[in-house]
Amino acid sequence: EKICKVMDRAMLVGAPLICLNDSGGARIQEGIASLAGYGEVFQRNVNASGVIPQISVIMGPCAGGAVYSPALTDFTFMVRDSSYMFVTGPEVVRAVTNEDVTAEALGGAQTHSRVSGVCHGAFDTELEALEGIRRLVSFLPQSNREKAEVLPSLDTRDRTDLACLDTVVPDDPNAPYDMRAIVEKIVDDGDLNEIQPEYARNIITGFARMEGRTVGIVANQPLELAGCLDIDSSTKAARFVRFCDAFDVPLVSLVDMPGFLPGTVQEYNGLIRHGAKLLFAYAEATVPKVTVITRKAYGGGYITMSSKHLRGDANYAWPTAEIAVMGAKGAAEIIARGKDKAQATREYEEKFANPIMAAERGFVDGLLRPSETRRVICEDLELLQDKQLKNPWKKHANMPL
Numbered sequence: 060e061k062i063c064k065v066m067d068r069a070m071l072v073g074a075p076l077i078c079l080n081d082s083g084g085a086r087i088q089e090g091i092a093s094l095a096g097y098g099e100v101f102q103r104n105v106n107a108s109g110v111i112p113q114i115s116v117i118m119g120p121c122a123g124g125a126v127y128s129p130a131l132t133d134f135t136f137m138v139r140d141s142s143y144m145f146v147t148g149p150e151v152v153r154a155v156t157n158e159d160v161t162a163e164a165l166g167g168a169q170t171h172s173r174v175s176g177v178c179h180g181a182f183d184t185e186l187e188a189l190e191g192i193r194r195l196v197s198f199l200p201q202s203n204r205e206k207a208e209v210l211p212s213l214d215t216r217d218r219t220d221l222a223c224l225d226t227v228v229p230d231d232p233n234a235p236y237d238m239r240a241i242v243e244k245i246v247d248d249g250d251l252n253e254i255q256p257e258y259a260r261n262i263i264t265g266f267a268r269m270e271g272r273t274v275g276i277v278a279n280q281p282l283e284l285a286g287c288l289d290i291d292s293s294t295k296a297a298r299f300v301r302f303c304d305a306f307d308v309p310l311v312s313l314v315d316m317p318g319f320l321p322g323t324v325q326e327y328n329g330l331i332r333h334g335a336k337l338l339f340a341y342a343e344a345t346v347p348k349v350t351v352i353t354r355k356a357y358g359g360g361y362i363t364m365s366s367k368h369l370r371g372d373a374n375y376a377w378p379t380a381e382i383a384v385m386g387a388k389g390a391a392e393i394i395a396r397g398k399d400k401a402q403a404t405r406e407y408e409e410k411f412a413n414p415i416m417a418a419e420r421g422f423v424d425g426l427l428r429p430s431e432t433r434r435v436i437c438e439d440l441e442l443l444q445d446k447q448l449k450n451p452w453k454k455h456a457n458m459p460l
């Protein structure tokens with residue numbers, strides 16, 4: 060009842076809710092009353108979703124029904140070696156499945172931050188966790204009734220140290236590079252507060268500022284799986300995009316991805332359905348959306364990553380961009396049956412492996428010199444700060460969960 064009163068008051072005044080969890084779970088002696096208490100908390104978590112930011116910090120055990128309250132909040136953080144979350148503990152697992160597993164391996168911070176994705180970040184100590192939460196909250200609005208605070212910034216849009224971006228993309232279209240380095244170059248003071256940094260590393264999500272304004276960053280990471288979207292990265296990015304949309308945080312997307320990850324493992328586990336989550340999230344979002352294609356944008360991945368077709372407000376391409384239905388080699392295999400495949404590959408690259416056709420059709424708003432990326436994004440964010448866009452009225456959408 061005490062927890063519920065605090066949650067009700069937080070919604071009433073429009074204040075973020077921060078939950079510090081260190082509990083053994085429900086008291087067996089209270090019987091069904093303890094379960095009723097959980098249910099009341101869960102209902103308020105759902106009611107508060109999208110109204111106020113909700114953050115959970117696991118600082119000890121969190122087991123059984125208690126795990127669902129953190130799961131319903133926007134962000135969940137854990138402390139390494141001292142916190143764990145699981146629905147059924149090691150003893151029950153051992154009794155039911157004969158599987159011998161420790162509490163740390165079953166539900167520790169490493170497991171949930173790297174494997175399951177339940178945890179949005181892991182810290183070494185409780186003090187570091189609290190400092191991390193304080194930093195995260197500094198990027199967020201108090202509620203959906205107001206925008207995030209714009210802080211004074213000495214980092215101007217015309218910064219002159221960005222010439223290195225003109226050569227950051229390798230000449231070899233298959234060579235990897237670090238997208239995080241690009242993100243840190245274009246945001247204020249190189250400060251990126253990354254969300255889920257150890258999970259689905261083929262996509263980067265996090266909060267940053269541009270001229271003092273909070274923005275949500277979504278960027279493909281060519282260093283991992285060549286930047287392909289898979290099930291985990293699609294789910295990770297979709298949830299982040301929906302949070303930003305709920306709290307009026309503009310989205311900046313940096314795109315370099317050759318498509319969705321192929322293979323039976325992905326298809327059998329529902330890549331189509333999970334990939335549709337990210338497409339749905341971007342399409343539904345009404346916040347300012349600025350997109351920059353740095354290199355590859357192929358097939359359905361091009362559409363999904365905040366393309367002009369999903370109501371992107373400002374879409375740009377670097378000169379190194381390749382916007383096409385698919386890669387040159389794969390296309391040549393289909394187009395040049397019985398012909399010279401090498402010649403067909405070269406012709407395809409000359410005609411399609413560039414951003415010219417997309418620019419001619421208005422699918423990108425312009426070709427952008429990489430060193431001008433920060434200035435142009437800042438200008439667009441300033442122009443779009445009072446954007447007004449509403450979706451058609453509905454009780455709620457039926458997202459492909």
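Everything in the sequence shown is counted per the working numbering, starting at 60 for the first residue and increasing by one.
We put the beta carbon where it would ideally sit given N, CA and C, even for glycine.
What number of angstroms, rounded off, separates the C-alpha of Val-346 from the C-alpha of Val-151?
Between Val-346 and Val-151, the C-alpha separation is close to 45 Å.
Under the rule that 16 or more other beta-carbon atoms within 10 Å means buried, what is Ser-175, buried or exposed?
When all chains shown are included, Ser-175 counts as exposed.
Do Trp-377 and Thr-404 have their C-beta atoms within less than 7 Å of each other?
Going by C-beta atoms, Trp-377 is not nearer than 7 Å to Thr-404.
Using 8 Å as the cut-off, can you tell me whether the region 230-237 makes contact with the region 251-258, which would need three or more C-beta pairs spanning the two stretches below that distance?
Flag = no, the region 230-237 and the region 251-258 do not touch.
Residues near Ala-417 in its chain [Cβ-Cβ closer than 6 Å; skip 5 each side]
Ile-382 and Val-423.
Taking the continuous alpha helix (DSSP H) assigned at Phe-198, which residues delimit it?
Element bounds for Phe-198: 185-198.
Could you check whether the region 176-186 touches the region 128-136, counting it as contact only if at least three pairs of C-beta atoms, one from each stretch, sit closer than 8 Å?
With a cut-off of 8 Å, the region 128-136 and the region 176-186 count as touching, because enough Cβ pairs lie within range.
Would you report the Cα separation of Asp-439 and Asn-252, rounded to the nearest angstrom?
Taking the straight line joining both Cα atoms gives about 22 Å.
Would DSSP call Pro-149 helix, strand or coil?
Here Pro-149 sits in helix by DSSP.
Residue from Lys-64, Gln-325 and Val-311 with nearest C-alpha to Lys-348
Ranking the options by Cα distance to Lys-348, first place goes to Val-311.
Taking Arg-434 and Asp-289 to be in contact with their CB atoms under 8 Å, please state how far apart those CB atoms are, rounded to whole angstroms.
Contact flag wrong, Cβ pair sits at about 33 Å.
Please list the terminal residues of the continuous beta strand (DSSP E) segment that includes Val-116.
From DSSP, the beta strand (DSSP E) with Val-116 extends over 113-117.
Quick check on Lys-449: buried or exposed, where buried means 16 or more other Cβ atoms within 10 Å of its Cβ?
Taking all protein chains in view, the Cβ of Lys-449 is surrounded by fewer than 16 other Cβ atoms within 10 Å, so the residue is classified as exposed.
Which stretch, first to last residue, makes up the beta strand (DSSP E) that contains Phe-101?
Unbroken run through Phe-101 is the alpha helix (DSSP H), 91-107; no beta strand (DSSP E).
Are the region 392-399 and the region 355-368 in contact at 8 Å, needing three or more beta carbon pairs?
No, because fewer than three Cβ pairs between the region 392-399 and the region 355-368 fall closer than 8 Å, the two stretches do not touch.
Alpha carbon to alpha carbon, how far is Gly-109 from Ala-207?
Rounded to the nearest angstrom, the two C-alpha atoms are 14 Å apart.
Note down the Cα distance separating Leu-442 from Ala-373, rounded to an integer number of angstroms.
In a straight line, the C-alpha of Leu-442 is about 11 Å away from that of Ala-373.
Thinking C-beta only, is Ile-62 closer than 7 Å to Ile-114?
Cβ atoms of Ile-114 and Ile-62: not closer than 7 Å.
Best match in Gln-325, Ala-122, Ile-436 and Ser-93 for proximity to Asn-80 [C-alpha to C-alpha]:
Ranked by Cα distance from Asn-80, the first of Gln-325, Ala-122, Ile-436 and Ser-93 is Ala-122.
Are Ala-278 and Lys-336 closer than 7 Å when you measure CB to CB?
No, they are not a contact pair.
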